[in-house]
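Structure first, then comments.
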Amino acid sequence: MGYISVRKIDEKYVGAVLVVDEFGIPQEFKYTEPVTPTPLQRILYGKSLDLYLTVEIIAKSLLKNVEQKPEIFLTDSISLVEASDQVYYVSSHPASKSEQDHDSEPNECVISLQTESLKFIAKTNFSQDRVEKLKKIVEEFDVMEPFQRLAKALEFVCRS
């Protein structure tokens with residue numbers, strides 16, 4: 645399982661990819677050096693600067709350079725799904741009694757657990773096979789926890 649995240653910290657953009665095994669033990673970690681856009685870049689790119697830096701410059705570079713290639717990379721940033729068909733945005737919500745596993749859109753998948761529901765959003769539509777793989781993963785592993793480690797690691801990288 646892979647995780648990819650990009651953060652803006654103190655006007656610097658930094659990203660990382662973390663690949664873990666089935667127990668959550670890190671197998672690979674790669675990060676970018678912090679990127680600080682120039683005043684001219686801020687003017688020229690305007691509102692598209694965030695998307696350009698996070699997806700085109702940072703995320704695609706990390707995905708290209710990661711040595712281990714898991715089938716799935718989870719992200720906590722919806723914009724990063726544009727980086728690859730392998731990247732899925734995931735968010736956690738408290739489970740409600742009326743909520744059932746359902747697909748709102750073809751590129752969305754909701755998996756309900758005892759205490760929470762996980763919503764996955766992909767660039768492309770979910771196949772039944774992919775939904776079954778995700779269900780198996782989330783039943784055996786807390787897929788949200790590595791995001792906490794990744795956030796702390798990015799803070800560390802940016803402040804070092």
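Those letters in the sequence shown? Residues 645 to 804, by the working numbering. Each residue gets a CB set at the ideal place from its N, CA and C atoms; glycine is no exception.
Worksheet item: DSSP beta-bridge partners for G690?
Response: According to DSSP, which records beta bridges pairwise, G690 is partnered with nothing at all.
Worksheet item: Who pairs with Y657 in a beta bridge, going by DSSP?
Response: K652, V679
Worksheet item: V710: which of S748, S804, K674 sits nearest, CA to CA?
Response: The residue with the shortest Cα to Cα distance from V710 is K674.
Fill in: Touch test, the segment 675-692 against the segment 759-769, Cβ-Cβ under 8 Å, three pairs minimum
no
Worksheet item: Are I781 and Y732 touching if we call contact CB-CB under 8 Å?
Response: Their beta carbons are not under 8 Å apart, which means I781 does not touch Y732 by this criterion.
Worksheet item: Any idea what DSSP makes of S728, helix, strand or coil?
Response: coil
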